[in-house]
Amino acid sequence: MLAMLLAETANAAAGAEGAHAEGIPELPNIFGLLHHTAFGQALEGLALKLHLADPMVTDPGASAYSAMENILFMVIAIIGLSWFFIAASKRVRVKPEGRISRRATFAEIVVVFFEDFFGAILGREQVRQHLPMVGTLFIYILTLNCFGLIFLGKAPTANLSFNLGMALCVFVYVHFMSIRKSPAGYLAHYPGSYPSIKELGMGPIGGLLVGFIIILFTIIHVMEAVIQPVSLSLRLFGNLLGKDVLLGVFGGLVPYVPLHTPFLFLGLLLGAIQALIFSLLTAVYLTLWEPHVHHAEHDEGDGHGHGHAHKPNDLEPEPVHSRAA
Amino acid sequence: MEPGAALGLGIPLGLGLAAFGSGVGIGLAVKGAMEAMGRQPEALGRIQTAMLIGAAFIEALTIYALVMGFVLMGKI
Chain B
1 MLAMLLAETA
11 NAAAGAEGAH
21 AEGIPELPNI
31 FGLLHHTAFG
41 QALEGLALKL
51 HLADPMVTDP
61 GASAYSAMEN
71 ILFMVIAIIG
81 LSWFFIAASK
91 RVRVKPEGRI
101 SRRATFAEIV
111 VVFFEDFFGA
121 ILGREQVRQH
131 LPMVGTLFIY
141 ILTLNCFGLI
151 FLGKAPTANL
161 SFNLGMALCV
171 FVYVHFMSIR
181 KSPAGYLAHY
191 PGSYPSIKEL
201 GMGPIGGLLV
211 GFIIILFTII
221 HVMEAVIQPV
231 SLSLRLFGNL
241 LGKDVLLGVF
251 GGLVPYVPLH
261 TPFLFLGLLL
271 GAIQALIFSL
281 LTAVYLTLWE
291 PHVHHAEHDE
301 GDGHGHGHAH
311 KPNDLEPEPV
321 HSRAA
Chain P
1 MEPGAALGLG
11 IPLGLGLAAF
21 GSGVGIGLAV
31 KGAMEAMGRQ
41 PEALGRIQTA
51 MLIGAAFIEA
61 LTIYALVMGF
71 VLMGKI
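Chains as they are written, first to last, in our numbering: chain B, 1 to 325; chain P, 1 to 76.
Structural data, given as structure tokens:
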């Protein structure tokens, strides 16, 4: 193990020198080490055929292969998590028929925890509907973040394209859910709440004013909708890239000395927090884009408090339902 | 001043300024959350969640500066 760690830092030192042209130091990963083998060359050919390379980059081969590494780690995570949770859910039985497997119990603890946690934001009625999306995001991102910490691993979440893809999924999901619930309520979101012309009572000037407010708020809300996935992805990307660069710099500082070890724990904390933030913000966006059910005139504020309006008291947790049986 | 030198001077300075502002912001947010938790410990979970969301929004501003730094790093 020590020898492996030493080899890792030596590679990091070499990588830090070699990657100087690219400007961003990073620790080596297993697929990166396989680049010059036949397997790696085949992968690079496939990546180039799939146009994974950024056309602006001077070395399309390296760029395409770097993207391929992310995809491979992503596939590993998807297969591993799917295998674990599908297998866990298959063995669930009611008590008299047989024992519940350890895996099923673990999965159940995870699900119940998420249900409580996101129930505080989404509300008890809605959390069941959105839990598959939000909970999966948390587990998935946490797993991918942890890939960046294990030996010869790489976190795909330190890549902007990857995060933007996830954020776009969230964007589509949030808006689709809102439109499906009530298209008119969704559209009522954009002008927000505005005073009726009669209430204002200023004649044509009041009409103009109301029209101006409607246009202004529509523009602001469209911008908000666009900015949300961008900021969601940039936050995860920036944090993970910052962590990776920190690890890369300290790993390559002194050859054969794994100076980056203390920062691995920091990275674990950061990865968990960022996974939490990503899924938490998805839940928050789901409440923010909840369709307006009332008339716009009777709303207060900018219409963002709706998710909380019909939320039950979350302080006392509900008893666990039939899922536990 | 050469563009590279200006970037080399400007990126760390800008990142430091962004971190300064975010630090003050997150400090205020956590201060408020701590006081609220001390006053009402039974609402701890919800306060923590709200604080985390707020901190994420504040922290994103520093991250933007960091990302800009990474983007412009090749030009130094």
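By construction, the Cβ of each residue, glycine as well, lies at the ideal position given by its N, Cα and C atoms.
Counting only residues of its own chain and dropping the five nearest sequence neighbours on each side, Gly40 (chain B) has a CB closer than 6 Å to the CB of Leu34.
Straight across, the Cα-Cα distance linking Gly271 (chain B) with Leu236 (chain B) is about 9 Å. Using a Cβ-Cβ distance cut-off of 8 Å, the stretch 141 to 154 of chain B and the stretch 268 to 284 of chain B are in contact, since at least three pairs of beta carbons, one from each stretch, lie closer than that value. DSSP places Trp83 (chain B) within a helical segment (H, G or I) once states are collapsed to three.
The residues Val127, Val134, Ala283, in chain order, have a CB closer than 6 Å to that of Phe118 (chain B) in the same chain once the five nearest residues on each side in sequence are set aside. Short of 8 Å from the beta carbon of Ala87 (chain B), and not among the five residues preceding or following it, lie these beta carbons of its own chain, in chain order: Arg103.
Chain B has a Cβ within less than 8 Å of the Cβ of Val67 (chain P). Apart from sequence neighbours up to five positions away, the residues of its chain that approach Ile26 (chain P) with a beta-carbon distance below 6 Å are Ala55, Ile58, ordered along the chain.
Taking the C-beta atoms as reference points, Leu253 (chain B) is found no nearer than 8 Å to Phe263 (chain B). For Glu224 (chain B), the enclosing alpha helix (DSSP H) covers residues 203 to 251. Using a CB distance cut-off of 8 Å, Ile26 (chain P) does not count as an interface residue toward chain B. Counting C-beta atoms within 10 angstroms of its own C-beta, Ile11 (chain P) has 16 or more neighbours from the protein chains shown and is therefore classed as buried. With respect to chain P, the C-beta atom of Leu241 (chain B) has a partner C-beta closer than 8 Å.
With a threshold of 8 Å between beta carbons, Ile11 (chain P) makes no contact with chain B. By the neighbour-count criterion, in which a residue is buried when 16 or more other Cβ atoms sit within 10 angstroms of its Cβ, His292 (chain B) is buried. Inside the stretch 113 to 197 of chain B, DSSP marks whole alpha helix (DSSP H) runs of 4 or more residues at positions 124 to 147, 160 to 181, 183 to 187, from first to last along the chain. When DSSP assignments are scanned along the stretch 13 to 65 of chain P, no uninterrupted stretch of beta strand (DSSP E) that is 3 or more residues long falls wholly within it. Under a 10 Å Cβ-count criterion, Glu42 (chain P) is classified as exposed, with fewer than 16 other Cβ atoms of the shown protein chains found around its own Cβ. When DSSP states are grouped into helix, strand and coil, Glu290 (chain B) belongs to the coil group.
The residues Ile58, Glu59, Leu61, Thr62, in chain order, have a CB closer than 8 Å to that of Ser22 (chain P) in the same chain once the five nearest residues on each side in sequence are set aside.
Straight-line spacing of the CA atoms in Leu216 (chain B) and Arg180 (chain B) works out to 26 Å. DSSP places Lys49 (chain B) in the uninterrupted alpha helix (DSSP H) bounded by 38 to 49.
With fewer than 16 other CB atoms across the displayed protein chains lying within 10 angstroms of its CB, Leu9 (chain P) is exposed. Contact note: Gly45 (chain P) reaches chain B through Ala120, using a C-beta cutoff of 7 Å and chain order. A residue is called buried when at least 16 other Cβ atoms come within 10 angstroms of its Cβ; His260 (chain B) meets this threshold and is buried. Here Ser89 (chain B) carries a helix assignment [DSSP, helix/strand/coil]. Of B:Leu187, B:Pro229, B:Ala77, B:Phe73, the smallest CA-CA separation from Thr218 (chain B) is found for B:Leu187.
Its Cα nearest to that of Lys90 (chain B), the residue B:Glu108 stands out among B:Glu108, B:Met74, B:Val75. Ranked by how close their Cα comes to the Cα of Pro132 (chain B), the residues B:Val111, B:Gly203, B:Ile141 have B:Val111 in first place.
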